[in-house]
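Next comes the structure, spelled out in structure tokens:
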């Protein structure tokens, strides 16, 4: 079974603060994704990557940066956090593109006060 | 842009009953359809995929796809309390990225 881990699991910050969410997958998958989950909206794609150094913009990218440093590691950066970014964030990976099965991490709950 | 809508928002069925979850999408060029399930406190997990019109059965779960009607559904036979979860329909976008677009989910509760 594919393994995706995320850290931290919970994070509280203040408006204007900097936050980095980390994701690691150990399945040699090419694709990695960052989603946010909000009630009534399902999962919305923020950024994704198909390899180290690559970054693609998702559907809700405003206020977020991301970086893929290695095949295993994908980071989501909030440089000036706002209360609207309070959400549950999931990282996922897949071997092929978006039409293939995605394996999700356990999630990070972020609260911006 | 692709729109994916699920109904109902929540569903309560008795143990042993049939649960039916519905999903409509807007892009007729969509090709790949997934159902994901998320138990409380966990990340979503793929339940099953369906890529061709018709029915696909995997154990107690049956997915139905009708591309002409822009409709996909999931039916759970002999529902168990362990099936209680949030169910997402996910459909590929036909834009160049072919990424998945998720619906807002159906919360299923199976009552013992």
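Residue numbers (the numbering used here), protein chains in the order written: chain X, 1 to 113; chain W, 1001 to 1112. We put the beta carbon where it would ideally sit given N, CA and C, even for glycine.
Cα-Cα separation between residue i and residue j, rounded to whole angstroms
i	j	result
residue 17 of chain X	residue 1070 of chain W	43 Å
residue 1015 of chain W	residue 97 of chain X	37 Å
residue 77 of chain X	residue 30 of chain X	20 Å
residue 1018 of chain W	residue 99 of chain X	28 Å
residue 1103 of chain W	residue 1026 of chain W	12 Å
residue 1056 of chain W	residue 1048 of chain W	9 Å
residue 1125 of chain W	residue 1036 of chain W	The shown model of chain W, from 1001 to 1112, leaves out residue 1125 of chain W, and the question about it has no answer.
residue 1101 of chain W	residue 14 of chain X	31 Å
residue 70 of chain X	residue 1110 of chain W	42 Å
residue 6 of chain X	residue 62 of chain X	22 Å
residue 1068 of chain W	residue 67 of chain X	39 Å
residue 1010 of chain W	residue 1046 of chain W	20 Å
residue 104 of chain X	residue 65 of chain X	20 Å
residue 58 of chain X	residue 12 of chain X	24 Å
residue 80 of chain X	residue 113 of chain X	12 Å
Identified DSSP bridge partners for residue i
i	result
residue 1020 of chain W	W:1075
residue 4 of chain X	X:25
residue 20 of chain X	X:77
residue 38 of chain X	X:42
residue 1037 of chain W	W:1045 and W:1087
residue 47 of chain X	X:34 and X:57
residue 1000 of chain W	In the structure as shown, chain W starts at 1001 and stops at 1112, and residue 1000 of chain W therefore has no counterpart that could be examined.
residue 108 of chain X	X:89
residue 1066 of chain W	W:1071
residue 1014 of chain W	W:1111
residue 113 of chain X	Its beta-bridge partners do not exist; DSSP assigns none.
Whole-number beta carbon distance between residue j and residue i, since they are thought to touch under 8 Å
i	j	result
residue 32 of chain X	residue 93 of chain X	5 Å
residue 1033 of chain W	residue 1061 of chain W	So it is not a contact: roughly 14 Å between Cβ atoms.
residue 110 of chain X	residue 82 of chain X	At roughly 11 Å, the Cβ-Cβ gap does not stay under 8 Å, so residue 110 of chain X and residue 82 of chain X are not in contact.
residue 49 of chain X	residue 74 of chain X	6 Å
residue 1105 of chain W	residue 42 of chain X	5 Å
residue 1030 of chain W	residue 1091 of chain W	5 Å
Residue i versus the options, residue with shortest Cα-Cα distance
i	options	result
residue 1099 of chain W	X:63, X:46, X:27 and X:87	X:46
residue 1083 of chain W	W:1026, W:1029 and W:1038	W:1038
residue 1004 of chain W	X:44, X:48 and X:54	X:44
residue 107 of chain X	X:28, X:27, X:15 and X:38	X:38
residue 27 of chain X	X:58, X:63 and X:4	X:4
residue 21 of chain X	X:102, X:63, X:14 and X:90	X:90
residue 1108 of chain W	W:1040, W:1031 and W:1029	W:1040
residue 1077 of chain W	W:1086, W:1063, W:1067 and W:1045	W:1063
residue 1013 of chain W	W:1092, W:1085 and W:1058	W:1085
residue 1002 of chain W	W:1020, W:1058 and W:1028	W:1028
residue 1066 of chain W	W:1022, W:1054, W:1021 and W:1080	W:1054
Secondary structure of residue i, DSSP reduced to three states
i	result
residue 1094 of chain W	coil
residue 1083 of chain W	helix
residue 87 of chain X	strand
residue 72 of chain X	coil
residue 1051 of chain W	coil
residue 55 of chain X	coil
residue 67 of chain X	strand
residue 30 of chain X	coil
residue 1029 of chain W	coil
residue 94 of chain X	strand
residue 1006 of chain W	strand
residue 172 of chain X	A query on residue 172 of chain X cannot be resolved here, the shown segment of chain X reaching from 1 to 113 and no further.
Closer than 9 Å between beta carbons: that is the criterion. Which residues of the region 1020 to 1050 of chain W meet it against chain C?
Absent here is chain C; the protein component of the structure consists of chains X and W.
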